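**Q** Provided herewith is a single structure, encoded as structure tokens, for subsequent inquiry.
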Amino acid sequence: MDRAKRDIFILKKIAKYCEEIAETHNNFGNAYENFQNNKDYFKSVAMSLLQIGELANHLSKNFQKKYYDIPFGLIIGLRNIVVHGYGKLKTETLWKISQEDAPALQNRCLEILAENALKNNETN
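Using the working numbering, the letters of the sequence shown correspond one by one to residues 23 to 146.
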């Protein structure tokens, strides 16, 4: 698989994990109190964010530069915090990321995927 196709494949997976975060919120009632008090809810969201960071780390540097509006460094940094436990994950922070940043990331991924599909259709 060439690098550009691999980046698109990874981006699809990132969008899917963003979708899974939204589904997890819906399954657990999408309330901060539930998130704060239910370790399974918290861990499910944290694991999806970890996976997003892991995938982002495998995107090519050219892709990351092209889409500089996506904060790949912060996404990868969060993954490192979740994995290695540098400091304690703050419930409020993870909640905000999962409620605001993950949906925005999903939307941006879907925009890029749509642009790429359009571009591929024009060249065929």
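We put the CB at the ideal spot given by N, CA and C, even for glycine. Only a predicted model underlies this, so the values are computations on that prediction, with no experimental measurement involved.
(1) For the alpha helix (DSSP H) containing residue 70, name the first residue and the last one.
(2) Over the uninterrupted alpha helix (DSSP H) stretch that includes residue 39, give me the two end residues.
(3) So, residue 128 versus residue 68, is the Cβ gap smaller than 7 Å?
(4) I need the DSSP call for residue 91, collapsed to helix, strand or coil.
(5) Would you give the residue range spanned by the alpha helix (DSSP H) that residue 122 belongs to?
(6) Taking its Cβ as the centre, do 16 or more other Cβ atoms sit within 10 Å of residue 124, making it buried, or is it exposed?
**A** Reading it off the structure:
(1) DSSP places residue 70 inside the alpha helix (DSSP H), whose first and last residues are 61 to 78.
(2) Where residue 39 is concerned, the enclosing alpha helix (DSSP H) stretches over 25 to 49.
(3) Going by C-beta atoms, residue 128 is not nearer than 7 Å to residue 68.
(4) Three-state result, residue 91: coil.
(5) Run containing residue 122: none; DSSP gives neither H nor E here.
(6) Burial call: buried.
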